[in-house]
């Protein structure tokens, strides 16, 4: 399916996040990834610079969406990313408000995905405030208490919390997904899009091409 048609056509979309190397970008595309995620949050071991992102994105073929993961980024950083990193979408993974989503869409003229940390039903309900302003939603596991980053912690949440919810916008499931559990995660949650980072790595930021292939193959069956 075309990556920009998530939720509008038959099929399931896969996002490989936290890419840091050319060979991993190439392997993800070859394996059939629809979305590629690049992290701009220094506490993350997968964080890269804007100039590095430009190197990684320049050979990504048309039809594969390049996503910038940001955590409470200021306007200067967002302007630098959207102007120079070669990305197609902004992913807000922090405490950004609905008004900040609206502002980003207006000024940077790119679609915005808003991620939510989920541990209980009230965390899912928070997403309703963003449903009318964000273009995409993501439900990720709430990080451990002393974690330094909001995602990429290999944590899983109860997929049943999102199973019976209906959304007007397409959404991704994230958090602790791997080739071993992605089929079950999709079955329980009803997700039409899945996001993986640590579940296909040999080390933070170092993807395993075989694991990426297995993950995408399993998800799209």
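In my numbering, the protein residues as written are 10 to 230. For glycine and all other residues, C-beta sits at the position ideal for the given N, C-alpha and C.
By the neighbour-count criterion, in which a residue is buried when 16 or more other Cβ atoms sit within 10 angstroms of its Cβ, residue 210 is buried. For residue 104, the number of other beta carbons within 10 angstroms of its own is below 16, and it is reported as exposed. Between residue 22 and residue 202 the beta-carbon gap is near 4 angstroms, inside 8 angstroms, which marks them as a contact. Residue 33 and residue 215 have their alpha carbons spaced roughly 8 angstroms apart. Here DSSP, grouped into helix, strand and coil, assigns residue 139 to coil.
Annotation for residue 42: no beta strand (DSSP E) segment contains it, and DSSP assigns it neither H nor E. In the three-state DSSP reduction, residue 168 falls in the helix class (H, G or I). Secondary structure at residue 210: strand, using DSSP grouped into helix, strand and coil. Residue 138 and residue 188 do not touch by the CB rule: their CB atoms are close to 34 angstroms apart, not below 8 angstroms.
Between residue 40 and residue 225, the C-beta spacing is below 7 angstroms.
One alpha carbon belongs to residue 208, the other to residue 197, and they sit about 19 angstroms apart.
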